[in-house]
Amino acid sequence: MSDIKILAHRGGLLNAPENTVKSFELAFENGADGIECDVRLSKDGQFVLVHDENLKRISGENKLISQLTLSELKKKKVFEKEPIADIYDLFEVLIKYPDKECYLEICFDNIEKLFILANEILKADLHNRIYLLFFSNSNFPKNFKIKKKDVKLSIMPVLPLKIVEKAEKFHADNICIGWVNLFMARELFMILSKIFRLKNQIQTADEKNIFVSGGVANRYEEVDFFLNLGVRAIWTDDVPFVRQYIIDH
Numbered sequence: 667m668s669d670i671k672i673l674a675h676r677g678g679l680l681n682a683p684e685n686t687v688k689s690f691e692l693a694f695e696n697g698a699d700g701i702e703c704d705v706r707l708s709k710d711g712q713f714v715l716v717h718d719e720n721l722k723r724i725s726g727e728n729k730l731i732s733q734l735t736l737s738e739l740k741k742k743k744v745f746e747k748e749p750i751a752d753i754y755d756l757f758e759v760l761i762k763y764p765d766k767e768c769y770l771e772i773c774f775d776n777i778e779k780l781f782i783l784a785n786e787i788l789k790a791d792l793h794n795r796i797y798l799l800f801f802s803n804s805n806f807p808k809n810f811k812i813k814k815k816d817v818k819l820s821i822m823p824v825l826p827l828k829i830v831e832k833a834e835k836f837h838a839d840n841i842c843i844g845w846v847n848l849f850m851a852r853e854l855f856m857i858l859s860k861i862f863r864l865k866n867q868i869q870t871a872d873e874k875n876i877f878v879s880g881g882v883a884n885r886y887e888e889v890d891f892f893l894n895l896g897v898r899a900i901w902t903d904d905v906p907f908v909r910q911y912i913i914d915h
């Protein structure tokens, strides 16, 4: 099982303040092979790494990310501990850890800015280690990979149905499956996985050399669920927990 990769959701939000430089570095030091973070646009069009559209949960301030400039956001602390990071902070971390990768979830709809982000990734020479991550029902342009063939893409199917077809539709390099943080979402996903024969779909993806990861798994039974499906990587909020579980099994 040592070939199973560990991917830190929001940098491993149970181990450090989410989506911060501290969380990314700690995740890598704890043994994560990659991280996931979320990118939004500030008022002045800069790329900031924040999951929610509003600051209230992470800083207590009821303001939208889009209402504040990058310099204003940089003064905010995530859970009063670590500063909000931007895309260039992420680049510096990845340069520091040259064998690690990142999944960058696109949380904005501005297509022009999406291509600018892709160009920044290419300019930083990180296109082989950063995946632009998006939901299959989003407005992500289907011709993006044709225009930016060197930029890697990862798709998140909303349902565990026709996952390979959805990946091929967008020319995605890999697939992320799993549940969202909503009431009964995990239970529903597990039921649908049986109905839609997700394990067989993952086998088909493997045959086509499409990498499949699964999560977010923070309990023993959740890790087992994804491993039994045949995924090649586990998403988690708790990197040390999953790493130890994989070592023990």
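Quick note on the numbering used here: the sequence shown kicks off at 667 and runs consecutively. Cβ atoms here follow ideal geometry from the backbone N, Cα and C, with glycine treated the same way.
Counting the other CB atoms within 10 Å of its CB gives THR735 a total below 16, which places it among the exposed residues. Between PHE713 and ILE753, the C-beta spacing is below 7 Å. When the five nearest sequence neighbours on each side are left out, the beta carbons in the same chain lying within less than 7 Å of the beta carbon of LYS740 are those of PRO749 and ILE750, in order along the chain. Under the DSSP definition of a beta bridge, TYR769 partners with GLU702 and TYR797.
Rounded to whole angstroms, LEU827 and ALA851 show a C-alpha spacing of 15 Å. Taking all protein chains shown into account, PHE800 has 16 or more neighbouring C-beta atoms within 10 Å of its C-beta and is therefore buried. Separation of VAL889 and ALA883 (C-alpha to C-alpha, rounded to the nearest whole angstrom) is 5 Å. Within the segment 825 to 871, the complete beta strand (DSSP E) runs of at least 3 residues fall at 840 to 844. The segment 888 to 904 and the segment 667 to 687 touch, with no fewer than 3 CB-CB distances between them shorter than 8 Å. Counting every other CB atom within 10 Å of its CB across the protein chains shown gives GLU746 a total below 16, marking it as exposed.
In the displayed model, LEU673 falls within a strand according to three-state DSSP.
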